[in-house]
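**Student:** Here it is, the structure in full.
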Amino acid sequence: MNTPILRHVANLWTFMGHPSPENEWSLDQKLQAIKEAGFDGVCWGPIPGLKEGLARHGLFFLGGMSSGKATDFPKLLGELKECGAHHVNVQMADEDTLTPEATGLALLLMEEGRKLGLEPAVEVHRDTWTETTEENYALADAYQKITSKLLPISWDFSHISVVKHLRPDNYIEKMIVRPDLIQRAQQFHFRPFNGHHCQVPVTDGKGNLTQEVKDWLPFAEAVLKCWLAGNRDNGREIFVCPEMGPVAGGYNLSTLPNSWEDAKILRSEIEKLWQQVSAP
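Take the sequence shown: its letter number 123 is residue 160 in the working numbering, and every next letter is one higher.
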């Protein structure tokens, strides 16, 4: 049996202003903390010193980029490859992009990725072409019609939940509707959410899990089960990022628990789910 592997990925975004805006950690301090917390890799852009730091701490690099211009793709992807990336998370185009244009961009993105030996995936994200399920699936269907292949997607269900104003009791019904695309994917942003907030706190400030994250965990388990149903014996990797956003940018609030501390606890909860669902 060729068992699939879950790789835990930390996003450097989580560390913005950590531990305080006036005394933010250095890159090396962040990478050391990521390694010590049990993460396998880091998602971010190609910043100075990152490639060397990742090698020093034994972490892999999952690249991130954002663009709606096909002419930008070769340069952006090349820079990520130079920094050591193989898989790339891509926020592509804008929410008002038309399907034919988005399809053309996706085709060019994947072609440029193949030329460089990279595996890009289009992220589900607000204010991009994949903002709604209708746009996301229209792009996937158009891509499949042309290529006969499933579109590589980086799933962040928090954006769908907010746009569609979902409830915990219909997360699975409303969001696990294309198992084929979930099983094709390798990148997942497991940020806990509800229908009003794309990020809810993991803990209550006293070390206890919040009710909101308890409501979300069954959905995360269902996603992992769905993915495993199509990847049980093929040895593929699944990259899961407990992507807790910082106060800077508004994902976290100043009165809520620290994003990095919550991300570490969320990583542990995801690992527990993985051990449960991947058991023989």
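Each residue gets a CB set at the ideal place from its N, CA and C atoms; glycine is no exception.
For my contact list, A130 and W166 are in at a C-beta cut-off of 8 Å; report their separation, rounded to the angstrom.
**Tutor:** That belief holds up - the Cβ atoms of A130 and W166 are roughly 4 Å apart, short of 8 Å.
**Student:** With 16 other CB atoms within 10 Å as the buried threshold, where does I183 fall?
**Tutor:** Exposed, because fewer than 16 other Cβ atoms sit within 10 Å of the Cβ of I183.
**Student:** Are the CB atoms of Q224 and E28 within a distance shorter than 9 Å?
**Tutor:** The question about residue 28 has no answer, for the chain in this structure spans 38 to 317.
**Student:** Run through DSSP, which three-state label would I213 get?
**Tutor:** Three-state result, I213: coil.
**Student:** Would you please state the rounded distance, in angstroms, between the beta carbons of L153 and L114? I believe it to be under 8 Å.
**Tutor:** The pair is a contact, with the Cβ atoms about 6 Å apart (cut-off 8 Å).
**Student:** State the DSSP-derived secondary structure class of F230, mapped to helix, strand or coil.
**Tutor:** It is coil, neither helix nor strand.
**Student:** Over what stretch of residues does the alpha helix (DSSP H) that includes E320 continue unbroken?
**Tutor:** What is shown of the chain runs 38 to 317, which leaves residue 320 out entirely.
**Student:** Which of the three DSSP states is assigned to R260 in this structure?
**Tutor:** One point to set straight first is that residue 260 is Val, not Arg, in the sequence displayed. Helix, per DSSP.
**Student:** Alpha carbon to alpha carbon, how far is P283 from G90? Give it in angstroms, no decimals.
**Tutor:** The straight-line gap from Cα to Cα measures roughly 22 Å.
**Student:** Under 9 Å, do Q128 and G101 count as touching if we go by C-beta distance?
**Tutor:** Yes, they are a contact pair.
**Student:** Label P56 either buried or exposed according to how many other C-beta atoms from any shown protein chain fall within 10 Å of its C-beta, with 16 as the threshold for buried.
**Tutor:** Burial call: exposed.
**Student:** Please report the residue range of the beta strand (DSSP E) in which R273 lies.
**Tutor:** Element bounds for R273: n/a, residue is neither H nor E.
**Student:** Report yes or no: do the stretch 54-69 and the stretch 92-99 share at least 3 C-beta pairs separated by less than 8 Å?
**Tutor:** Cβ pair count under 8 Å is three or more, so yes.
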